[in-house]
Amino acid sequence: MPDKLGIGIDGGGTKTKVLVKKSLTGDVLFEKKYPSTNYNNIGVDGLEQVLKTIYTELAEKFGKEQLVNASLAMGAAGIDRPQDAAVYREALKIGGFDCSFEVFNDAYIALIGGNGGRNGALLITGTGSIAIGISSEGKEVRTGGWGYMTSDDGSGYKLGIKAVSAIMDHYDGIIEHTSLTDRVLNYYGINSPEDFMDLIYIDKDFSIDKIAAIAPIVQEEAERGDAAALDILNREIERLVAMITALSKKMKTGEFRLCLAGSLMLKSDIYLRLFKESMNRSLPGIEICKPLDEPAYGALIIALGREE
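In this text, residue positions in the sequence shown follow our numbering: the first is 1393, and each later residue adds one.
This is the structure in structure tokens:
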């Protein structure tokens, strides 16, 4: 059907992007950002409310009849298990979407957008981290992405919380001076490392995102030569390389395109450089690339039936 709309939704941890086209080569008909749709953070009610807002605005733009015949693909940070997918499918229905739709983990649509189809692998390093790939048998495999308490190596959260640990070590005299102390205390507006106890253990508004927010400071101080900051980066990169090594084994190949996503790697020269150097030593057959396109476009590829 030539007039069939394709709707791609990228439901990230902090924002949701909606992209609508009739063909991959056609004009963008609708593009807008909305609040997060990660139900682990905002609850099912919050998820349903955001999806209702999206549906209402799409209906106003295109009319309900066109939406009925549309094809929708959504990737969301909260979809890790079959029961999560069921929550999102139900939320889409409650939100008003009665067209055909599919839901996926946000890493999957990022892989498709980043590699231009269902191939290769993807490493996301943002607030959290995950690696996902397509095996030689066409099977989706992954490493990481199990949350900040048990996983998320090399992520913004891990860099941030280890920076706080280094500051406390400096305060206790366990390590030598680190420039992280002045930078991070100033960032949070606190006077002493002891104040972290109130922030981390008592302040209910002190979220994972607020810890991850100081990751760029760690990268900047490592670039300036701070030993503690550089040690944090190197240790986390070791873990990221271990993730990709495990992913390579699951993919049953040591040669593939690895697309990088997430601001932590793409916006830091030192983090990207150290990662590439370590990868070249351990897995020289892997081509490290920047994404061809954004996750929302990956969802659109699926919605329009051009995934393969």
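Yeah, the Cβ is synthetic: ideal placement off N, Cα and C, and Gly gets one too. These figures come from a predicted structure and were not determined experimentally.
By the CB criterion at 7 Å, I1559 and L1572 fall inside the cutoff. Between K1642 and D1590, the alpha-carbon positions lie close to 43 Å from each other.
In this structure, the beta-carbon distance from G1518 to L1656 falls below 7 Å. The shortest C-alpha to C-alpha distance from N1511 to any of G1546, D1476, V1533 is the one to V1533. By the Cβ criterion, the region 1480-1499 is not in contact with the region 1410-1423, since fewer than three pairs of Cβ atoms, one from each stretch, lie closer than 8 Å. Note: V1412 is bridge-paired with I1399, F1422 in the DSSP secondary-structure output. Pairing D1402 with I1693, the inter-Cα distance amounts to about 12 Å. Rounded to the nearest whole angstrom, the C-alpha separation of E1529 and S1557 is 43 Å. Under the 8 Å Cβ criterion, the region 1539-1549 counts as touching the region 1601-1615, having at least three qualifying pairs.
Under the 10 Å beta carbon count, G1398 is surrounded by 16 or more other beta carbons and is classified as buried. Classified as buried, Y1689 has 16 or more neighbouring CB atoms from the shown chains inside 10 Å of its CB. Straight-line measurement puts the Cα of R1649 at about 10 Å from the Cα of K1682.
For M1466, the enclosing beta strand (DSSP E) stretches over residues 1463-1468. Take F1667, set aside five residues on each side of it, and the residues of its chain with a beta-carbon closer than 6 Å to its own are I1629, in chain order.
Remark: C-beta atoms of N1497 and K1396 do not approach each other more closely than 7 Å. G1506 sits close to L1514, with the two beta carbons spaced by under 7 Å. Residue state for E1568 is assigned as coil, using DSSP reduced to three classes.
In the DSSP annotation of this structure, the continuous segment of the alpha helix (DSSP H) that includes T1448 starts and ends at 1431-1454. Note on geometry: alpha-carbon atoms of Y1563 and F1493 lie some 53 Å from one another. Shown here for V1436: same chain residues with a beta carbon closer than 7 Å to its own, the five before and five after excluded, namely V1479, A1483 in chain order.
DSSP places G1525 inside the beta strand (DSSP E), whose first and last residues are 1521-1526. Per DSSP, A1605 lies in no beta strand (DSSP E) and is assigned neither H nor E. The DSSP-derived three-state label of K1407 is strand. Secondary structure of T1542 (DSSP, three-state): coil. Here V1576 has A1555, V1556, I1559, I1606, I1609 as same chain residues with Cβ atoms under 8 Å from its own Cβ, once five neighbours each way along the sequence are excluded.
Around the beta-carbon of S1415, fewer than 16 other beta-carbon atoms lie within 10 Å, marking it exposed.
Taking a 10 Å sphere around the C-beta of G1539, we find fewer than 16 other C-beta atoms and assign the residue as exposed. Taken through DSSP and simplified to helix, strand or coil, R1627 comes out as helix. Secondary structure at I1680: strand, using DSSP grouped into helix, strand and coil. Secondary structure at G1536: strand, using DSSP grouped into helix, strand and coil. Short of 6 Å from the beta carbon of C1651, and not among the five residues preceding or following it, lie these beta carbons of its own chain, in chain order: G1506, N1507, L1514, C1681, P1683.
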